[in-house]
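Engineer: First the structure, which I've put down as structure tokens, then a few questions once you've had a look.
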Amino acid sequence: MGLFTSSFSASDIPSLTGKVAIVTGATSGIGFQTCLQLALHGAKVYLATRSESKTSSVISQMEREHPELKGRLFWLHTDLSSVKGCQAAAKEFEGKEERLDLLVNNGAEAMTPFALTEEGVSRTFAVNHLGHFAFTTALLPLLERTARLPGADVRIINVSSMVHTSAPASTTFESMVEFKATCATGEKLNGLFQYAARYGQSKLANILFTKALQKRLDEQGIPALTIAVHPGSVATEGSKKFTGFLFPLMALISLTPLQGALTSLFSATSPQVLAEREKYKGAYVVPYGKLGTASAKGQDAAMAERLWGLSEQAVKEIDEKGHI
Numbered sequence: 001m002g003l004f005t006s007s008f009s010a011s012d013i014p015s016l017t018g019k020v021a022i023v024t025g026a027t028s029g030i031g032f033q034t035c036l037q038l039a040l041h042g043a044k045v046y047l048a049t050r051s052e053s054k055t056s057s058v059i060s061q062m063e064r065e066h067p068e069l070k071g072r073l074f075w076l077h078t079d080l081s082s083v084k085g086c087q088a089a090a091k092e093f094e095g096k097e098e099r100l101d102l103l104v105n106n107g108a109e110a111m112t113p114f115a116l117t118e119e120g121v122s123r124t125f126a127v128n129h130l131g132h133f134a135f136t137t138a139l140l141p142l143l144e145r146t147a148r149l150p151g152a153d154v155r156i157i158n159v160s161s162m163v164h165t166s167a168p169a170s171t172t173f174e175s176m177v178e179f180k181a182t183c184a185t186g187e188k189l190n191g192l193f194q195y196a197a198r199y200g201q202s203k204l205a206n207i208l209f210t211k212a213l214q215k216r217l218d219e220q221g222i223p224a225l226t227i228a229v230h231p232g233s234v235a236t237e238g239s240k241k242f243t244g245f246l247f248p249l250m251a252l253i254s255l256t257p258l259q260g261a262l263t264s265l266f267s268a269t270s271p272q273v274l275a276e277r278e279k280y281k282g283a284y285v286v287p288y289g290k291l292g293t294a295s296a297k298g299q300d301a302a303m304a305e306r307l308w309g310l311s312e313q314a315v316k317e318i319d320e321k322g323h324i
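With UniProt numbering, the residue at position 135 of the sequence shown is 135, and numbering never jumps.
The following block contains the structure:
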């Protein structure tokens with residue numbers, strides 16, 4: 001159902017034949033629908049996930065329901081909670097493919113009890129931001145080579161959320177301490193407000209990462225686009241955990257997973273985005289393909305630069321000593 005009027009639908013996706021895509025968090029909800037639609041329109045799609053058995057089951061389901069997809073869907077082992085795991089996934093992909101046209105950084109965790117990963121990062125922040133940062137930057141040489149091919153149209157989509165406005169007011173990304181933050185104001189670590197604060201912090205990072213990455217692409221003359229998206233309020237298992245007993249009511253006014261995927265699909269495939277590339281560079285896009293306005297923090301160019309610098313430093317420390 002939802003509260004948005006769609007001016008973009010799956011039928012508007014152009015032919016993607018010959019294109020290669022990666023979608024993280026691809027086995028359910030928005031990620032599932034993003035993969036399915038990209039493949040249905042001709043792309044070769046890698047599902048970047050941690051579980052081989054779950055992903056194989058999803059691929060089998062897609063191929064069973066759409067036999068024409070056989071040979072277009074592949075698993076890429078990717079542990080978003082681990083910088084080293086993401087770097088290994090990028091290296092594995094580069095050994096399989098000579099191009100990468102579309103990277104959809106969709107994977108996320110929301111209702112995760114606070115814990116530090118083995119690399120010393122808050123798990124929510126690791127999965128939702130730092131893992132994707134490491135994955136994307138490791139893939140940049142391949143993305144650049146693809147972008148310089150004749151007729152190429154390379155896009156990097158970072159799935160954020162309007163919940164980025166729930167990032168703690170103290171968020172500045174001036175210190176790597178924030179990569180370990182509980183985002184709690186008291187002793188309670190795992191209530192709804194603490195979950196929302198940690199998720200909001202990571203979704204703010206997605207928007208800032210988008211801005212900083214686009215700046216670097218432009219400075220290096222790489223003809224690629226990066227866009228952050230808010231998918232809308234979507235009825236998924238993740239949102240069910242957030243809304244609890246209110247989920248049946250929320251589902252009545254929420255978007256379906258396919259509707260939730262449309263803003264990612266618009267940003268990744270619409271010819272309008274390519275035709276108006278200056279308008280969409282580093283933009284924050286909301287359903288269904290409209291330019292949105294991020295929070296004041298989400299528009300802070302200096303904060304975006306600080307986050308990029310800290311993320312680079314974190315990856316370097318993890319490479320050198322295994323943790324931050």
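For glycine and all other residues, C-beta sits at the position ideal for the given N, C-alpha and C.
Is the separation between the beta-carbon of Arg227 and that of Ala283 shorter than 7 Å?
Structural biologist: Contrary to the premise, residue 227 reads as Ile rather than Arg in this sequence. Yes.
Engineer: Measuring alpha carbon to alpha carbon, tell me which residue in Thr146, Ala205, Gln194 and Ser166 is nearest Glu174.
Structural biologist: The candidate whose alpha carbon is nearest that of Glu174 is Ala205.
Engineer: Taking only runs that begin and end inside the stretch 146-203, name each unbroken beta strand (DSSP E) of 3 or more residues, in chain order.
Structural biologist: Counting whole runs of 3 or more residues, the stretch 146-203 contains the beta strand (DSSP E) stretches 154-159.
Engineer: With a threshold of 8 Å on Cβ separation, who are the neighbours of Thr117 within its own chain once the five nearest residues in sequence on each side are excluded?
Structural biologist: Once the five neighbours on either side are set aside, the close Cβ partners of Thr117 are Ser81, Ser82, Arg123 and Ala126.
Engineer: Quick one: Cα of Glu98 to Cα of Gln194, how far?
Structural biologist: Distance between the alpha carbons of Glu98 and Gln194: 42 Å.
Engineer: Measuring straight from C-alpha to C-alpha, what distance separates Met176 and Phe32?
Structural biologist: Straight-line Cα distance between these residues: approximately 33 Å.
Engineer: Just to confirm the assignment: which complete beta strand (DSSP E) runs, minimum length 3, are found wholly within the stretch 27-93?
Structural biologist: For the stretch 27-93, whole beta strand (DSSP E) runs of length 3 or above, ordered along the chain, are 44-49 and 73-77.
Engineer: Where does the unbroken alpha helix (DSSP H) through Val127 begin, and where does it stop?
Structural biologist: Looking at the DSSP string, Val127 is not in any alpha helix (DSSP H), and its letter there is neither H nor E.
Engineer: Below 8 Å on the Cβ atoms is my guess for Gly25 versus Gly85; work out the distance and round it to an integer in Å.
Structural biologist: About 14 Å; that fails the 8 Å criterion.
Engineer: Please classify Asp218 as buried or exposed, where buried requires at least 16 neighbouring CB atoms within 10 angstroms.
Structural biologist: Exposed: under 16 other Cβ atoms inside 10 Å.
Engineer: Could you compute how far the alpha carbon of Gly131 sits from the alpha carbon of Leu139?
Structural biologist: Those two C-alpha atoms are separated by around 12 Å.
Engineer: According to DSSP, simplified to helix, strand and coil, what is Ile222?
Structural biologist: Looking at Ile222 - three-state DSSP - the assignment turns out to be coil, as it is neither helix nor strand.
Engineer: Contact defined as beta carbons within less than 8 Å: I believe Ile207 pairs with Gly298. What is the distance between those atoms, to the nearest angstrom?
Structural biologist: Yes, Ile207 and Gly298 are in contact; Cβ-Cβ is about 4 Å, under 8 Å.
Engineer: What residue does the alpha helix (DSSP H) around Thr269 start on, and which one ends it?
Structural biologist: Taken as a continuous stretch (DSSP letters only), the alpha helix (DSSP H) holding Thr269 covers Pro257 to Thr269.
Engineer: In this structure, what does DSSP give as the bridge partners for Tyr284?
Structural biologist: DSSP lists Ala228 as partners of Tyr284.
Engineer: Please tell me whether Ala39 and Lys19 are closer than 7 Å, where the distance is taken between their beta carbons.
Structural biologist: Result no, Cβ atoms of Ala39 and Lys19 do not sit closer than 7 Å.
Engineer: Answer yes or no: do Gly200 and Ala167 have a C-beta to C-beta separation smaller than 7 Å?
Structural biologist: Yes, these two residues count as a Cβ contact at 7 Å.
Engineer: Determine the burial state of Gly260: buried for a count of at least 16 other Cβ atoms within 10 Å of its Cβ, exposed for fewer.
Structural biologist: With 16 or more Cβ atoms within 10 Å of its Cβ, Gly260 is classed as buried.
Engineer: If you count every other CB in all the chains shown that lies within 10 Å of the CB of Ser57, and 16 or more means buried, which is it?
Structural biologist: Exposed: under 16 other Cβ atoms inside 10 Å.
Engineer: In the DSSP assignment, the alpha helix (DSSP H) including Ile318 goes from what residue to what residue?
Structural biologist: Here the alpha helix (DSSP H) through Ile318 covers Ala301 to Lys321.
Engineer: Quick check: Phe135 and Ala90, are their CB atoms within less than 7 Å of each other?
Structural biologist: Contact: yes.
Engineer: Would Leu213 pass as a contact of Thr146 if the rule is Cβ separation under 7 Å?
Structural biologist: No.
Engineer: Among Ser28, Asn158 and His230, whose alpha-carbon lies nearest the alpha-carbon of Gly165?
Structural biologist: Looking at the sequence itself, residue 165 is Thr, so the reference to Gly does not match. Comparing Cα-Cα distances from Thr165 to each of Ser28, Asn158 and His230, the minimum goes to His230.
Engineer: Go to Val104, then tell me how far its beta strand (DSSP E) extends in each direction, as first and last residue.
Structural biologist: First-last of the beta strand (DSSP E) with Val104: Leu102 to Asn105.
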